[in-house]
Amino acid sequence: MESIFKEYKTPLNSFIGAWFIKTKICDELVQYFKENKNLAKIGTVNDDEVQSYAKDSLDVCLKKENKLLKKYWSESFQKLIFLYEKKYKFVSDLHKYNLVENPNIQYYKPGGGFKVWHCERTGPLTCTRQLVFMTYLNTVDNAGTEFYYQKLKIPCKKGLTLIWPSDFTHTHKGIINEKKEKYILTGWLNYT
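According to the working numbering, the sequence shown is numbered sequentially starting from 7.
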């Protein structure tokens, strides 16, 4: 079966999968954020602490019953999980995992971003996270995500969706653009 999702090539030993989804859903997610900005909260780190020097964002939570999230999940993301499991065949042998926590649409104003090195499984509140996903919702030159140990920088290209392990082995931070705003959708797959 040939994939309709173009792969963005990453080294196999990086354990980072990357594919492009259709950009229409990206536009819909950005529009949803703009229409629901009143629901936005200041982005947090370390179990719900506001530390703007570390993470400077506005986040809108997408509840699992959200129609747009369901569309993203069924039309794109489930297929990307299949591709990730195909690329890294032993992932599917692990304990069952699924979308448990609500994902976020995150807005970064010019100069904003997740500016410090971090990983996604850091303690008791995040210990069931298995994989992380992130979709860039707009293209921003000189922006993206840098992975420390992989020595890898991935550009912020609209529709590009990354999947990677949640642990310290995948410590990462945003590549900040001082002049342009950035939107992403991000979340986690947790053991169930």
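Built from N, CA and C at the ideal position, the CB exists for glycine as well.
None of the values given here were measured: they were computed from a predicted structure.
Looking at the DSSP output, Leu158 shares a beta bridge with Phe153. Closest option to Lys93, judged by alpha-carbon separation, among Lys12, Ile22 and Thr29: Ile22. Annotated as proximal: Ala24 and Leu166, with beta-carbon spacing under 8 angstroms. Ser82 places its beta carbon 8 angstroms or farther from that of Ile160.
Rounded to whole angstroms, the gap between the alpha carbons of Gln156 and Leu168 is 14 angstroms. If you draw a straight line from the Cα of Thr192 to the Cα of Lys121, it is about 16 angstroms long.
Between the alpha carbons of Phe139 and Lys70 lies a distance of about 15 angstroms. Of the candidates His124, Thr132 and Ile181, the residue whose Cα lies closest to the Cα of Val146 is Ile181. In the displayed model, His176 falls within a helix according to three-state DSSP. A distance of 8 angstroms or more separates the beta carbons of Glu55 and Lys115. Each residue's CA atom was taken as its position, placing Ala46 and Tyr113 some 9 angstroms apart.
If you draw a straight line from the Cα of Ser63 to the Cα of Gly117, it is about 10 angstroms long. With respect to Cys162, Gly150 sits close: the two C-beta atoms are nearer than 8 angstroms. Looking at Tyr197, Asp65, Leu137 and Pro171, the one whose alpha-carbon comes closest to that of Asn44 is Asp65. Of the residues Leu35, Asn148 and Lys12, the one whose Cα lies closest to the Cα of Lys77 is Leu35.
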